[in-house]
Structure formats: structure tokens, C-alpha cells
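Novice:
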Amino acid sequence: MLLLYSCVFSQAELERMLDAEKAFLQAASENGIRSAFLQVLADDSIIFRPNAVKGKEFWKTREDSSALLLVRKSLYSDIASNGMLGYTTGNWRIFQKDKSESQAEFGQYVTIWEKRAGGKFFASLDIGITHEKLLFSETDRTWRMDKSRDPNKRGWSPADASMNFLKMSMSQARLGAAYDKFAASDVRLLIEQQPPILGKKNVVSEMKRYVSIEFPKRVALFQSADMAYTWNPCQFANSNEGIESGNCLHIWKLRKKKWWIVLGVFARVYSEAQPTLKIRPKNKSKG
28 MLLLYSCVFS
38 QAELERMLDA
48 EKAFLQAASE
58 NGIRSAFLQV
68 LADDSIIFRP
78 NAVKGKEFWK
88 TREDSSALLL
98 VRKSLYSDIA
108 SNGMLGYTTG
118 NWRIFQKDKS
128 ESQAEFGQYV
138 TIWEKRAGGK
148 FFASLDIGIT
158 HEKLLFSETD
168 RTWRMDKSRD
178 PNKRGWSPAD
188 ASMNFLKMSM
198 SQARLGAAYD
208 KFAASDVRLL
218 IEQQPPILGK
228 KNVVSEMKRY
238 VSIEFPKRVA
248 LFQSADMAYT
258 WNPCQFANSN
268 EGIESGNCLH
278 IWKLRKKKWW
288 IVLGVFARVY
298 SEAQPTLKIR
308 PKNKSKG
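First residue of the sequence shown? That's 28 in my numbering, and the numbers climb one at a time after it.
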């Protein structure tokens, strides 16, 4: 009976969270992107531009963006069993209202939502990646995901699982093995300049070429009942492209007494610095 009540309650809260996202998109269309973000972001929110910054402070300093239109299409959403923490993810495009959509920019987004005082949902974290215009079959793909809920009355924490994932990603087994151990079968992964990668098998295959080259200097973790998220600066050695730096987000879900990664994001930060060749000074001849 308790589990049934939890499912019904969380479903109702999920609808309220989705209403908050719809209100954000309507505000963006009517009043501009800047106004919409200031309306929906929590006072302590974090966004990535491209590194982590305080969300409201960032948008307060931006000029009015009413000439731009932001369109987001939510493809998947979920919420914790207690209805306090949830997320939405999908694709986005942005373009000038007086220009053709053919000149739009495209990408994928993830928004973390928290229910605050008064029972209203605010966005506590917003992160995204960009990619070229892709076929709808690539950007709009959905994946049947497990929405089972666990009230987590035992109070199990994802801290150990998240730390072990980070440690394993630095080993010779590389990130592929870390995802193989900790990713759920229905995991979704977003990487810069790529369409969403769906399913554990595909994620493990993609991440085999990555290995973390240092343990993050800071890791933020927030948990509510059977859902949690972590984000941290990350730096990987990519066997195809060299060193890549960025910010990583992982959303965790408690299922059958184990914490699993259900969504991951690697938002790359591009460096404008040119590589410098290090040349050893020639030994002076003795004479």
C-alpha cells in the first residue's frame, strides 16, 4: 500500500514539474529567454556557460534576449519517489525570430528541478550540449525507461557508488568499464557534437576510448529519496582526439537496492589556447 501511494503521489508531482517547464518555455516565447530563466531558476541554481556559474547572477547581467526564440522538446522526465527532485531532458534549438529556422543552433539539454518552499518547482541546474542539425530519428529517439520507485526508507546513499565510479574511470579499464558496472540498462548519455546515445551496450562501447586523467577537485552531490545527481569538472584522455576537458553530470536512481546511472552528460569546454611544443635546449659543445 505504501509503495502504491508513493507511485501515485510522485506521478502527480511529476505533472507539476512538467507544468513548470511548460511555463518556462511559454515565458521564453512571450518575454524572451533572459526573463524566462530569471523566472524559473532557483536563487542558488547552477548553469554552465561553459563552466559552472551562478544561474541567476549570469542572466541578470545579460542583455534582453527577446529577439531570440528558444524551443525545447522534452523527451523524457522522471522524479524521485518523494516528489522533491526530478529532471527533464530533450532537444533544443535557438534562432532569431526574424530569421529562418535553417540558421538555428541545435543541441540537447538536461534540467534538474527541485521543489522548494511553497511547493513550487524551480530549476536548480541546467546543462546542455550542442550538435549540428540532425535527423529527427537521431535527436528525438526515446528509450523505454524503468520508472519504478523506491521510498528508500533505509536511507541508502549514492556517495560510495559515485566515488567508485570516478575511481574506476581512472583505471586501465577506462570509462567503458566504469559505465559497464554502474550504468542502468536504459541509460542515456549526451556528449558534445553527438546525438543521444541510448542503452548500456551503446554507452559502454562509446566510452571505451575515454579514461579520466585526474580525480575531480570537487564533486557536488545532491540526493532526495531514490534519486540523486552529481556534477564535477572532468578531464579525459580520448584515444581518438587527445585531451578533452568539460563538465560531467550524472543522474542516479536507486533500483533493487543498488544505485545506477540513468543519465550522463559530458559538456565539453573548448580551449582556445594553441598547443606549445616543448623543445629541449641543445647541449652546448665543450671547447
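From the three backbone atoms N, C-alpha and C, an ideal C-beta is built for every residue, glycine too.
Where are the beta strand (DSSP E) runs, 3 residues long or more, that stay fully inside the stretch 119-177, in chain order?
Specialist: Whole beta strand (DSSP E) segments, 3+ residues: 132-142 and 148-158.
Novice: Using only the alpha-carbon positions, how far apart do Lys174 and Val238 sit?
Specialist: Stepping through the sequence shown from its first residue, residue 174 is reached at position 147. Stepping through the sequence shown from its first residue, residue 238 is reached at position 211. Approximately 30 Å, taken between the alpha carbons.
Novice: Tell me whether the beta-carbon of Leu68 lies closer than 8 Å to the beta-carbon of Lys87.
Specialist: Locating residue 68 in the sequence shown gives position 41, counting from the first residue. Locating residue 87 in the sequence shown gives position 60, counting from the first residue. No, the Cβ-Cβ distance between Leu68 and Lys87 is not below 8 Å.
Novice: Can you name the start and end residues of the alpha helix (DSSP H) that Met234 belongs to?
Specialist: Position 207 of the sequence shown, counting from 1, holds the residue named residue 234. Here the alpha helix (DSSP H) through Met234 covers Lys227 to Met234.
Novice: Output the distance between the C-alpha atoms of Ser104 and Asn191, rounded to the nearest integer angstrom.
Specialist: Mapped onto the sequence shown, residue 104 falls at position 77. Mapped onto the sequence shown, residue 191 falls at position 164. Distance between the alpha carbons of Ser104 and Asn191: 26 Å.
Novice: Measuring straight from C-alpha to C-alpha, what distance separates Glu48 and Leu102?
Specialist: The residue labelled residue 48 in the question sits at position 21 within the sequence shown. The residue labelled residue 102 in the question sits at position 75 within the sequence shown. Each residue's Cα considered, the two are about 12 Å apart.
Novice: Going by beta carbon distance, what residues of the same chain come within less than 7 Å of Val80, once the five residues before and after it are set aside?
Specialist: Here residue 80 refers to the residue found at position 53 when the sequence shown is read from its first residue. The residues are Ile74.
Novice: Ends of the beta strand (DSSP E) at Arg181?
Specialist: For the purposes of this step, residue 181 is identified with residue 154 of the sequence shown, where counting begins at 1. Element bounds for Arg181: n/a, residue is neither H nor E.
Novice: Run through DSSP, which three-state label would Gln262 get?
Specialist: To locate residue 262, count along the sequence shown from 1; it is residue 235. Strand at Gln262.
Novice: Please confirm whether Arg168 and Pro223 have their CB atoms less than 8 Å apart.
Specialist: Looking up residue 168 in the sequence shown gives position 141. Looking up residue 223 in the sequence shown gives position 196. The answer is yes: Cβ separation under 8 Å.
Novice: Mind reading off the beta-carbon distance from Val289 to Ile278? Whole number of angstroms is fine, and I expect it under 8 Å.
Specialist: On the sequence shown, position 262 is the one that residue 289 refers to. On the sequence shown, position 251 is the one that residue 278 refers to. Yes, Val289 and Ile278 are in contact; Cβ-Cβ is about 5 Å, under 8 Å.
Novice: Let me know the secondary structure DSSP gives Phe64 once reduced to three states.
Specialist: As a working mapping, residue 64 is identified with position 37 in the sequence shown. Phe64 falls in the helix class under three-state DSSP.
Novice: Excluding the 5 residues preceding and the 5 following Glu241 in the sequence, name in chain order all residues of the same chain whose CB lies nearer than 8 Å to its CB.
Specialist: Residue mapping note: residue 241 aligns to position 214 of the sequence shown, counting from 1. Met197 and Gln262.
Novice: Going by the DSSP bridge assignment, what does Leu290 pair with across the sheet?
Specialist: Mapped onto the sequence shown, residue 290 falls at position 263. DSSP output for Leu290 lists Arg215 and Ile278 as bridge partner(s).
Novice: Go through its chain and collect everything with a Cβ distance to Ile156's Cβ below 6 Å, but skip five positions before and after it.
Specialist: The residue you call residue 156 lines up with position 129 of the sequence shown. Around Ile156: Gly134, Gln135, Leu217, Glu219 and Ala294.
Novice: Should Gly59 be labelled buried (16 or more other beta-carbon atoms within 10 Å of its own) or exposed?
Specialist: For the purposes of this step, residue 59 is identified with residue 32 of the sequence shown, where counting begins at 1. So Gly59 ends up on the buried side.
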